[in-house]
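Working notes, beginning with the structure itself.
Protein chains: 2
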Amino acid sequence: MLNVEQMKWWGWGGENIEFNMDDKPELWPHIKDVVGIEDEVKFTPPFKFENIELPSQTLNDKFINHVKSFIDPERFKSDKRERVIHSYGKSFRDLWRIRNGIVNASPDYVIYPLSEQEISTIIKAALDYDVVLIPFGAGSNIAGCLEANNGSGRMIVSLDMKLMDKVISVDKQSNTARIQAGALGPLMEKQLNSYGFTLGHFPDSFEYSTIGGWIATRSAGMQSDKYGKIEDMVLSLRMVTPNGTIVTRTVPKSSNGIDVNHICIGSEGTLGVITEAVMRVHKLPQYRVPYGYLFPDFESGVNAVYECVEKYCAPVVTRLNDPDKTALSFAYRSKSSPVKSLLGKVVKSYLKNIKKFDFDKACLLLTVFEGDKENFSDMKRKVNKIYKKQGAFNLGTEPGKAFERGKYDFPYLRDYVMDRNIMADVSETSTVWSNLLPLYYSTIASIDKAMKQTVKKGFLGCHISHTYHTGASLYFTFGCQQIPGYELEQYLLIKKSAEDAFIKGGATLSHHHAVGFEHMPWIKDDISETGIKAVRGLKYSLDPKNIMNPDKIIPPIEKSFNWGLQKEDIEKLKALLAAGRRI
Amino acid sequence: MLNVEQMKWWGWGGENIEFNMDDKPELWPHIKDVVGIEDEVKFTPPFKFENIELPSQTLNDKFINHVKSFIDPERFKSDKRERVIHSYGKSFRDLWRIRNGIVNASPDYVIYPLSEQEISTIIKAALDYDVVLIPFGAGSNIAGCLEANNGSGRMIVSLDMKLMDKVISVDKQSNTARIQAGALGPLMEKQLNSYGFTLGHFPDSFEYSTIGGWIATRSAGMQSDKYGKIEDMVLSLRMVTPNGTIVTRTVPKSSNGIDVNHICIGSEGTLGVITEAVMRVHKLPQYRVPYGYLFPDFESGVNAVYECVEKYCAPVVTRLNDPDKTALSFAYRSKSSPVKSLLGKVVKSYLKNIKKFDFDKACLLLTVFEGDKENFSDMKRKVNKIYKKQGAFNLGTEPGKAFERGKYDFPYLRDYVMDRNIMADVSETSTVWSNLLPLYYSTIASIDKAMKQTVKKGFLGCHISHTYHTGASLYFTFGCQQIPGYELEQYLLIKKSAEDAFIKGGATLSHHHAVGFEHMPWIKDDISETGIKAVRGLKYSLDPKNIMNPDKIIPPIEKSFNWGLQKEDIEKLKALLAAGRRI
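In the order they appear, the protein sequences are chains A and B.
Using this note's numbering, the letters of the first sequence correspond one by one to residues 1 to 583.
Using this note's numbering, the letters of the second sequence correspond one by one to residues 1001 to 1583.
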């Protein structure tokens, strides 16, 4: 048996892991309240696996026979489970379709390569026999990067990288590690930790994403304020393309023309397969303690975060929730957690009466301080001083610890609500400081308006989780009841309202989730038409036969911009909504 | 009259600025000693301007007439002085040729555009009438980026950007500034300073280089340890190409596919003309003080620099000289400078007898601390502790101040020695910490060997000026007497030994000087053959008719790798050397 862990075909995370709602007595009532479920819950469980019908396989015998000559059958598979698992990532759109048994396109085969040599041979064969390849890490992408939507009649093969999962070597003196692309977050960190190091990259998808996937999508992790985004960590990499293998040199910085690392970073599988990279790593910090703070409102929280950046003293993690996200966080607390008692009567009374907190406006900020003893204490002292000035109340370490325990749980909660006819998704961007609050308000207004066209009540919150000298990211979460029969059309309406607000507001289509297929409608506005020509030039030069993950990032000419949804269905929904139909 | 300052046609800096050797009584004797001039100095002054013969102009009447319709004659010039000034950058090879009246290729005209709109129109006309364009900032490039070596019979036009020199706006809250590409360092800083900001980018060429040039060549400045390399500072930019204008969005970070900013950064004029950029800027620090330290040897200095990086407390500037560079620095001190007395008899005796310093091995480290009061003092205290552990002797602020005063003077010294039959040049790279000393020794050995094939004695020193979490740059300076009649062949031999050592030693062809024409022989080893295909793909997609600065970065097929030197001449020199002829 192949020793790889795959996520559930219908949802997030390992087969046996479920969201534990039982120990969070306030959460489901809170969600029901914010999305306006008054009566019975409508259950919408996933389709039965055996009832899913896959499209018939396109089989390229020459390719198959060639691959069989050097890949054993255990690593070259086409059973239904493998095909289903590799059909999609984990965007709401992906999950809704698979949960409803809709698979219009699917890889015909899955290969688990063991080495770069094998990958080169596979790509050569794919080129010779005109087969499409889609690199696959852990399948957690939420921008449609994995969608097998355009083989153009060709056989489609998913290249699952998870067997290439080793930290090959660590150069302790140089703070660098050479890591294979298929290493999942936890396994990679475990290997690095054994050397005394960390990559310092902890995206929300950490447990089910790979370093190759992070590089291919320009990922950002929770500790980016200190350690940077993934693109800041790459010293060198290797990427096999249909036109040869790109190999760059392991140096901290260079002036060797256009930066070839940056041609591979963010290429989302469209140019080739990243097989390994030498990454900047960090010695594990001596001290590391999370803290929680309550700010009177979002604006004071933003002011505090901004002043930390201005004073060059940003903690390793800063996560500021807006009021609605704060309320969700508090509802999230478990029965056994001391957080429950934290805002007990005495504290609440103190905050309300003495500090004049309006709890409808209060915002939770989670932070982590780390470093050696001196840096740790210095940072904590400086930051506390700044926070205090903005009226923050220090909640101590418990909220931070609770957050650290549950920080990877959110996607499981999405599955839970999707079982109950609720859509939930995220859209995120970044902008400069002077535009942060204006963009926050305009995006909230835009999503709220779109959502309220379809439902009476919905959840809409935001947090800031990555800060820079010049600006920060804004990460919006929304959720609402679904209109039966028009779930995807309804979702497109809401998702579009977020992305439109970003682009209209001068921001970018995504800060760290990639373009893929789902963000493609906004790429021209983001990188300009000539930028698209440049990216297309790269594509043609390295993959002239378009066998690598076709139709991602840059729009194929004449393609629909509605993610394949039928214009008539979208119009029907709009007519319904215009006629006053809402949930 | 056009209000632009150009450098001397035959050397560095403004027409009226000369290197002041008179107030540095120890310098010329020191140089004569290290390059082994025992007898009379051989004077080699530049050619007379009036004797320089330019290649005849290639005139494309349709283009000329079209340009004349919207650019006034004052900004569209073809007099001899303009053509000579725009023929070359300031590499040793450039200067040697122009000083000897050798101009095999020259722009036929020079245009000084005033706006992006004009540039678009010029590029369109160049495309329509098949004219070559070479963007020109201040002309300080030393990698042959400006060489007009391949018009292929077409008219060649230099686009001098210096009239587009404004800081258009500063977003004080966001720490960003929108700056036109042609702004020279000092003028740009002056404008930013008036808002209370600095870019924090001070390359050795600062006085005669532009922000467009920095971006196009991936420049690094003296304060990069805090402020980063130029590519770290770009939020967005605009670049006019023959296939349209690339426009990116002003956001701190994005995940919008392949990073289009990085397609423009480092493109060295081969894809288009960068017209402006929004840059990350910083509020001027409250405190800023330079210090000097003397370390017992290079290794202890490296250890100290490394430990600062490891402890996340690198000063804004760290410049560690090796012993030979240290000796040159001390010889550099002026009559009036208190540095002179610094290592007076008492201190020398103390260092030698009590601290057991061997002055032949001692190394000067120059550093700058800055920040608000608290950050400034913290940093100084932490760094001093680390330096002390490595046996450093604190020389106080004077050497630092002396360095700051003279930090842009080195290229003037090169002109001085070139007047005296001495070649002087630099080659720099970067590598990871574990390879830093091995690469230092192997490169010193390689340059020394090559140089000693041609001269009995020469100068060879190195300094470290840019440090990173994973490594640092190594900047080598060499100088020696020239073999009359074979100066360029001799230079190629020595320069090649440096670059060969970098590539053989796992490093990069340049850390911040670009590829241009002179580093092209090493680009394939640096970015791999497939990397070259990618860059070529970009070139063809944005500039299909190859009108933008042709034959830079990536080798044109079938081109000589000897910078246009004749193989026979190189062989003749080798034969001479093999027969024992040395200076």
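Ideal placement from N, C-alpha and C gives every residue a C-beta, glycine not left out.
Proximity below 8 Å, CB of residue i to CB of residue j
i: THR1210(B); j: MET1161(B); result: yes
i: ARG97(A); j: TYR109(A); result: no
i: SER254(A); j: SER1254(B); result: no
i: ILE447(A); j: PHE410(A); result: no
i: GLY1213(B); j: ALA1138(B); result: yes
i: HIS282(A); j: THR198(A); result: yes
i: MET1423(B); j: GLU1487(B); result: yes
i: CYS1363(B); j: ASN1394(B); result: no
i: GLY479(A); j: VAL35(A); result: yes
i: ASP1128(B); j: ARG1154(B); result: no
i: ASP324(A); j: PHE459(A); result: yes
i: ARG420(A); j: THR176(A); result: no
i: VAL247(A); j: GLY272(A); result: no
i: TRP9(A); j: ILE134(A); result: no
i: TYR1387(B); j: ALA1304(B); result: yes
i: HIS519(A); j: ALA143(A); result: yes
i: ARG319(A); j: HIS201(A); result: no
Residue-level contact to chain B via CB, residue i, 8 Å cutoff
i: GLY185(A); result: no
i: THR477(A); result: no
i: GLY213(A); result: no
i: TRP563(A); result: no
i: GLY537(A); result: yes
i: PRO252(A); result: yes
i: SER169(A); result: no
i: GLU276(A); result: no
i: TRP9(A); result: no
i: ALA507(A); result: yes
Chain-order list of residues whose beta-carbon lies under 8 Å from that of residue i (same chain, five-residue window excluded)
i: GLU268(A); result: CYS145, ALA216, THR217, ALA514, VAL515, GLY516, ASN549, LYS552 and ILE553
i: VAL251(A); result: LEU235 and SER236
i: HIS1466(B); result: ALA1220, SER1224, ASP1225, LYS1229, SER1430, ALA1472, SER1473, HIS1511 and HIS1512
Cβ of residue i within 8 Å of any chain A Cβ
i: ALA1501(B); result: no
i: THR1121(B); result: no
i: GLY1269(B); result: no
i: HIS1030(B); result: no
i: ASN1303(B); result: no
i: LYS1533(B); result: yes
i: THR1248(B); result: yes
i: GLU1529(B); result: yes
Supposed contact pair residue j and residue i - C-beta distance, whole angstroms, cut 8 Å
i: ILE532(A); j: ALA126(A); result: The Cβ separation is near 25 Å, so there is no contact.
i: LYS401(A); j: PRO290(A); result: 6 Å
i: MET379(A); j: CYS313(A); result: 6 Å
i: LEU437(A); j: GLU299(A); result: 7 Å
i: ALA331(A); j: GLU26(A); result: 5 Å
Boundaries of the alpha helix (DSSP H) in which residue i is found, first to last residue
i: GLY213(A); result: 211-217
i: PRO1186(B); result: 1185-1194
i: ASN1243(B); result: Run containing ASN1243(B): none; DSSP gives neither H nor E here.
i: CYS480(A); result: First-last for CYS480(A): 471-481, but that is the beta strand (DSSP E), not the alpha helix (DSSP H).
i: SER169(A); result: SER169(A) -> not in any alpha helix (DSSP H); beta strand (DSSP E) instead, spanning 167-171.
i: VAL1145(B); result: According to the sequence provided, residue 1145(B) is Cys. The question's Val does not apply to it. Where CYS1145(B) is concerned, there is no enclosing alpha helix (DSSP H), given that its DSSP letter is neither H nor E.
Where the beta strand (DSSP E) through residue i begins and ends
i: PRO135(A); result: 132-136
i: THR1367(B); result: 1363-1371
i: TYR293(A); result: 287-295
i: THR275(A); result: 273-280
i: ILE111(A); result: 109-111
The ligand PLP heavy atom lying under 7 Å from the CB of residue i
i: LEU351(A); result: Here there are no bound small molecules, and the ligand PLP is not part of this structure.
Contacting residues, own chain, Cβ-Cβ under 6 Å from residue i (five flanking each side not counted)
i: GLY505(A); result: LEU439 and SER442
i: ASP525(A); result: ILE503
7 Å Cβ shell around residue i - same chain, five flanking residues per side excluded
i: ILE1265(B); result: ILE1215, ARG1218, GLU1231 and VAL1234
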